[in-house]
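Protein chains in written order, with our numbering: chain A, 26 to 228; chain B, 26 to 228.
All residues carry an ideal CB built from backbone N, CA and C; glycine is no exception.
Fair warning: this is a prediction, and the values are worked out from it, not measured in the lab.
Below is one structure, written out as structure tokens; the observations come after it.
Number of protein chains: 2
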Amino acid sequence: MTDNPDEFAAHNARMKRVQAARERIQARHTLERGLLIVHTGNGKGKSSSAFGMAIRSLGWGMKVGIVQYVKGSWETGEKNFFQANPELLTFEVMGDGFTWDTQDRAQDIASARAAWERSKARILDPAYDFIILDELNIVLRNDTLPIDEIVAFLRERPLTKHICITGRNARPELLEIADLVTEFAEVKHPFKAGFKAQKGVEY
Amino acid sequence: MTDNPDEFAAHNARMKRVQAARERIQARHTLERGLLIVHTGNGKGKSSSAFGMAIRSLGWGMKVGIVQYVKGSWETGEKNFFQANPELLTFEVMGDGFTWDTQDRAQDIASARAAWERSKARILDPAYDFIILDELNIVLRNDTLPIDEIVAFLRERPLTKHICITGRNARPELLEIADLVTEFAEVKHPFKAGFKAQKGVEY
């Protein structure tokens, strides 16, 4: 596009038609209820996108509950931030770290079960408007928690709040009942160029 | 997997080997510098993932600057949250809304230029550790800003901070110089099932 005023006028007229079309489309979208959201795929950003939605919710005065299933006891930026602001939301790290770090299947199962019981309590608590179950997909993939039980509960969930579940390798049973699914696909990753995980980006 | 103790022991031994392999791989990744990050694709979560990285950075005491190129004057959760916490970061909405809403190409160009000048100042300011240029891809795609000028500047950027650029239809010239690229792919979207955009999720 040049600086030609005729082209500008044509652009402006075209955008007026686009706007009218968009308004007609939006008028047809009237449903509103709590969504079941899944972030999956091998790319970066599944958890950080959920944390960004937490920020959006907090900006509207909605109460947020986060349960982390896998992240262990190590320090992360999100833990530092959210735990320093307990008046904003609850942030509970229930996982013991990756299963190759715990090397204890019985402990993995016990931790995942405790995290799921806490998750159910948060989902059923009317005080909460947005619930993040971070890395739940990982423990479902490993059969550390039984997929049938989790799906049965989520089917009957209260529709007054949003729930976001993250982690690669989401189970098809979960995708089937979800309202919003995004796949995060890795296009280029600095780890492969020799970079280490860095503060603010990876943790 | 069953509750059989032999299977548990085999799992635990296998995980010990996985852990050792991971440690060997990680020892080879030693590079550390500011990354150029691009979030693109037609799926949801590009901006919210950037806001989640902002939270991670804030949790480490890093200073964050956000410049929004397209979002207009309407209220959003992230704007409410971040602007209510100005001690945490700077959040500047420089865009006038979508081009079909402004219907004024000359104004679009002037706004994008002002946003880019502000972005450069933030990138060059040593006080900032993480810069988000939200929806810059949109104005590059429209040629509202010249891609060559932006790429030339980013090539010579200070390597002491991370920069995250969001928006669908990222230009190939930008992907080429980026360190980390994630494509957000839409798998299932509630809009298509008749839902309207909802607080905390979409805005």
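*Within chain B, partners of R242(A) - CB distance below 7 Å*: In the structure as shown, chain A starts at 26 and stops at 228, and residue 242(A) therefore has no counterpart that could be examined.
*Within the same chain, show all residues whose beta-carbon is closer than 6 Å to that of E211(A), passing over the 5 residues directly before and after it, in chain order.*
N67 and G68
*Check whether the Cβ of N162(A) lies closer than 9 Å to any Cβ atom in chain B.*
no
_Expected contact under 8 Å - CB spacing of E160(A) and R143(A) to nearest Å_ = Not a contact, Cβ separation roughly 14 Å.
_Any chain A beta carbon closer than 9 Å to R81(B)_ = yes
*Along the chain, which unbroken stretches of the alpha helix (DSSP H) at least 4 residues long are found entirely within the segment 110-170 of chain A?*
124-127, 130-149 and 161-166
_Under 8 Å, CB to CB, which of the residues in the segment 200-220 of chain B have a partner in chain A?_
L200, A203, D204, L205, V206, T207, E208, F209, A210, E211, V212, K213, H214, P215, F216, A218, G219 and F220
*When burial is assigned at 16 or more other CB atoms within 10 Å of the CB, is L149(A) buried or exposed?*
exposed
*From this set, H64(A), R47(A) and A45(A), which residue's C-alpha is nearest N162(A)'s C-alpha?*
H64(A)
*Under a CB-based cut-off of 9 Å, is K96(A) close to chain B?*
no
*For Y228(A), decide whether its Cβ has a neighbour in chain B, counting only Cβ atoms nearer than 9 Å.*
yes
*Under three-state DSSP, which class holds E181(B)?*
coil
*If you draw a straight line from the C-alpha of Q128(A) to the C-alpha of E181(B), how long is it?*
46 Å
*Pick helix, strand or coil for E208(B), following the three-state DSSP scheme.*
strand
*Could you list the residues in the segment 97-117 of chain A with a C-beta less than 8 Å from some C-beta on chain B, going in chain order?*
T101, G102, E103, K104, N105, F106, F107 and A109
*Take R166(B) and list the residues in its own chain whose beta-carbon comes closer than 7 Å to its own, dropping the five residues that flank it on each side.*
N194 and R196
*asked:* So with CB distances below 9 Å, who are the chain B contacts of G192(A)?
replied: Chain B residues near G192(A): none, gap ~14 Å exceeds 9 Å.
*Would you tell me roughly how many angstroms separate the C-alpha atoms of F178(B) and I172(B), rounded to the nearest one?*
10 Å
*Nearest-angstrom beta carbon gap, S73(B) and M78(A) [assumed within contact, 8 Å]*: 5 Å
*Among all the DSSP beta bridges, which residues are the ones paired with G90(A)?*
T115(A) and I156(A)
_The alpha helix (DSSP H) enclosing H36(A), as first and last residue numbers_ = P30 to A52
*Across which residues does DSSP place F216(B) in a beta bridge pair?*
According to DSSP, F216(B) bridges with nothing at all.
*Give me the Cα-Cα distance between K96(A) and G86(B), rounded to the nearest whole angstrom.*
21 Å
*asked:* Counting only C-beta atoms, is G90(B) closer than 9 Å to chain E at any point?
replied: As a matter of chain content, chain E is missing from the structure shown, whose protein chains are A and B.
*Counting only the same chain and skipping the five closest in sequence on each side, list residues whose C-beta sits under 6 Å from that of H234(A).*
It is not possible to answer for residue 234(A), since the shown part of chain A is limited to 26 through 228.
*Could you check how far apart the C-beta atoms of I134(A) and T191(A) are, in whole angstroms? I think they sit under 8 Å.*
Rounded, the Cβ-Cβ distance is 20 Å, inconsistent with contact.
*Distance, Cα to Cα, S215(B) vs F76(B)?*
Checking the sequence, you will find Pro at residue 215(B) rather than Ser. If I take the Cα positions, the gap works out to 22 Å.
_Below-9 Å beta-carbon distance, Q51(B) vs any chain A residue_ = yes
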